[in-house]
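Below is one structure, written out as structure tokens; the observations come after it.
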Ligand code: SF4
Ligand code: SF4
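Numbering (our numbering), first residue to last: 1 to 373.
Rendered as structure tokens:
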């Protein structure tokens, strides 16, 4: 089997070859101009950041991709999914429903007017609009793929490359957490899902959890009852019961176990849903922070910007990005070099498990892109 190519354009710019030109160069090398057919529906999946976080991808990159898709004849839309956590409280709130999401996205500079295409929450108003895709993972056997994915001819995964405590947070995380419905996000973050302690319920005098359940599977009389077969593991009720009411009758324990393995298994489900040949990956390795964009603060940056990566393989592109991050830190005097080396080493779990389940290749053929001025 041939080693997948990863195209790379570095951060050195000029008046005639700026970062948006470089993004276009990567787009061309990926073959998108030829592959997109007249009338193709093209999802640009990205993350628009939580309000208060200023490390997220700038809207100008998204707008450039939208324009390139249109030039190729496609109908682009910009997409993300609803997040976990209910309400707008810190540090993770604010993107729980489509309504919340659009409000926060606009504060961060993303709207149809700024990106030039509709912004669609791929899993609907409440993150409950999905179809299950079966896989044979070690940890996951059913992946809730957002319904909008199924209508796409092409999907461009535009990811901000940075870190998370489990390692690199880039294309694989943008898919395996960012492009699954809430049930899939809960599967990654919580080993048990929704836990029910009826003896702690305050009964119908409270009933606060009823109105936040997207599938209306909660009944409260003397105590709470959940129709667990209908529950989509969104965690809304537990957030209300635990944080607002402080009863603790409904609880989700956020203790990630085997998170990297579950993320790549979710990614496999998303790619299998419409076929791997429809996916393209672009990583922006800039504003490389010590935490994801799903928190309401901008975590410190660990290193200088690297540039733009592009590939057809979600594993190869993240492996190449992680490798470049490590190689860019030869200066041991830099206080962050040890932290970066640790996080890159942790990332190997993503790559090893991806290869094991046949998601992609941790080997890559790095192709440097340049243009004569
Ligand atoms: S929010 Fe909690 S305490 Fe209140 S009714 Fe629901 S389960 Fe019971
Ligand atoms: S019971 Fe709770 S976790 Fe299950 S769908 Fe309803 S709100 Fe979501």
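Beta carbons: idealized from backbone N, C-alpha and C, even for Gly.
Just checking my contact of residue 265 with residue 357 at CB under 8 Å: how many whole Å lie between their CB atoms?
Within the chain shown, the letter at position 265 stands for residue 265. Within the chain shown, the letter at position 357 stands for residue 357. At roughly 6 Å, the Cβ-Cβ gap stays under 8 Å, so residue 265 and residue 357 are in contact.
Check: Between residue 120 and residue 52, what straight-line distance do the alpha-carbon atoms span, to the nearest angstrom?
Finding: Indexing the chain shown from 1 puts residue 120 at position 120. Indexing the chain shown from 1 puts residue 52 at position 52. Spanning the two alpha carbons is a distance of roughly 22 Å.
Open item on the list: At the level of alpha carbons, what is the spacing between residue 73 and residue 40?
Closed with: Looking up residue 73 in the chain shown gives position 73. Looking up residue 40 in the chain shown gives position 40. In this structure, the CA atom of residue 73 is about 7 Å from the CA atom of residue 40.
*asked:* Extract the residue ranges of the beta strand (DSSP E) inside the segment 119 to 158, only unbroken runs of 3 or more that lie entirely within it.
replied: Whole beta strand (DSSP E) segments, 3+ residues: 119 to 121, 130 to 134, 142 to 146.
Between the segment 179 to 190 and the segment 215 to 225, can you find at least three pairs of beta-carbon atoms closer than 8 Å? The segment 215 to 225 is not in contact with the segment 179 to 190.
query = Leaving out five residues before and five after residue 302 in sequence, what residues of the same chain have Cβ atoms less than 6 Å from its Cβ?
reply = Within the chain shown, the letter at position 302 stands for residue 302. Here the set comprises 288, 290, 336, 340.
Tell me which residue opens and which closes the beta strand (DSSP E) that residue 116 is part of. Position 116 of the chain shown holds residue 116. According to the DSSP assignment, residue 116 belongs to no beta strand (DSSP E), since it is labelled neither H nor E.
Exercise. Just to check, is the beta-carbon of residue 237 closer than 6 Å to a non-hydrogen atom of ligand 2?
Worked result: Counted from its first residue, the chain shown places residue 237 at position 237. Checking every heavy atom of ligand 2 against the Cβ of residue 237, one is found closer than 6 Å.
message = Residues in the same chain with beta-carbon distance under 8 Å from residue 207, minus the five sequence neighbours each way, listed in chain order, please.
response = Walking along the chain shown from the start, residue 207 turns up at place 207. The residues are 220.
inquiry  = Using the three-state DSSP reduction, which class does residue 340 fall into: helix, strand or coil?
reply    = Residue 340 sits at position 340 when you count from the first residue of the chain shown. Here residue 340 sits in helix by DSSP.
For residue 134 and residue 147, I'd like the C-alpha separation in whole angstroms.
Mapped onto the chain shown, residue 134 falls at position 134. Mapped onto the chain shown, residue 147 falls at position 147. Taking the straight line from one Cα to the other gives about 15 Å.
Assuming residue 4 is part of the alpha helix (DSSP H), what are its boundary residues?
Locating residue 4 in the chain shown gives position 4, counting from the first residue. First-last for residue 4: undefined, no H or E at that position.
* Do the segment 75 to 87 and the segment 162 to 180 touch if we need at least three Cβ pairs shorter than 8 Å? -> In short, these stretches touch, since the Cβ pair count reaches three.
TODO: Hey, could you find the ends of the beta strand (DSSP E) residue 219 is sitting in?
DONE: Residue mapping note: residue 219 aligns to position 219 of the chain shown, counting from 1. Membership of residue 219 in the beta strand (DSSP E) is indicated by the continuous run 218 to 220.
So, do the segment 299 to 316 and the segment 186 to 201 have three or more beta carbon pairs nearer to each other than 8 Å?
By the criterion of at least three beta-carbon pairs nearer than 8 Å, the segment 299 to 316 is not in contact with the segment 186 to 201.
- Sort out for me which residues DSSP pairs residue 45 with in a bridge. One-based indexing of the chain shown puts residue 45 at position 45. Beta-bridge pairing links residue 45 to 79, 157.
Which of helix, strand or coil does DSSP assign to residue 345? Here the question's residue 345 lines up with position 345 in the chain shown. In the structure shown, residue 345 sits in a helix (DSSP, three-state: H, G or I).
Note to self: By DSSP's criteria, residue 53 is part of a beta bridge. Which residues make up the other side?
What the structure shows: Mapped onto the chain shown, residue 53 falls at position 53. Residue 53 is not bridged to any residue.
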